[in-house]
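332 is the number of the first residue of the sequence shown in the working numbering; add one for each residue after it.
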Amino acid sequence: MIDPKKCHRAIDDLAKKLADAIPSSVKQAKGDMEKTFHSILQGAFAKLDLVTREEFDIQTAVLTKTRAKLERLEEAVTVLEVKAGIKTPSDTDERAND
């Protein structure tokens, strides 16, 4: 899952940016607002089921590899079905168009 340290830093940075966007006329409340923003953001992110970019990329690679393997296995099964007389080559052509 997500590295809590990186997530905490990102939330801190975002809360600070939101607090910095506050007009100078209300700067005295800036510290309190930054803490409030931090709490709100941390709560919102905690409710989400997030993964890191690295985890996402790994799963994408696994899925791509699995899909390629499935296609090879489907082709092998089709060849075996044709050899066994279960299917004709025209049956496999129709299935390829699905």
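C-beta atoms are modelled at their ideal positions from N, C-alpha and C, and glycine is treated no differently.
Can at least three beta-carbon pairs, one atom from the segment 362-373 and one from the segment 340-353, be found at a separation below 8 Å? Note that the segment 362-373 touches the segment 340-353; at least 3 beta-carbon pairs, one per stretch, sit closer than 8 Å.
For residue 346, count neighbouring Cβ atoms within 10 angstroms of its own Cβ and tell me buried if that reaches 16, exposed if not. By the beta-carbon neighbour count (other beta carbons within 10 angstroms, threshold 16), residue 346 is buried.
What number of angstroms, rounded off, separates the C-alpha of residue 397 from the C-alpha of residue 387? So the two alpha carbons sit approximately 15 Å from each other.
With a threshold of 7 Å on Cβ separation, who are the neighbours of residue 364 within its own chain once the five nearest residues in sequence on each side are excluded? Excluding positions up to five away in sequence, the list reads 350 and 353.
Backbone CA spacing between residue 381 and residue 415 [nearest angstrom]: Distance between the alpha carbons of residue 381 and residue 415 is about 48 Å.
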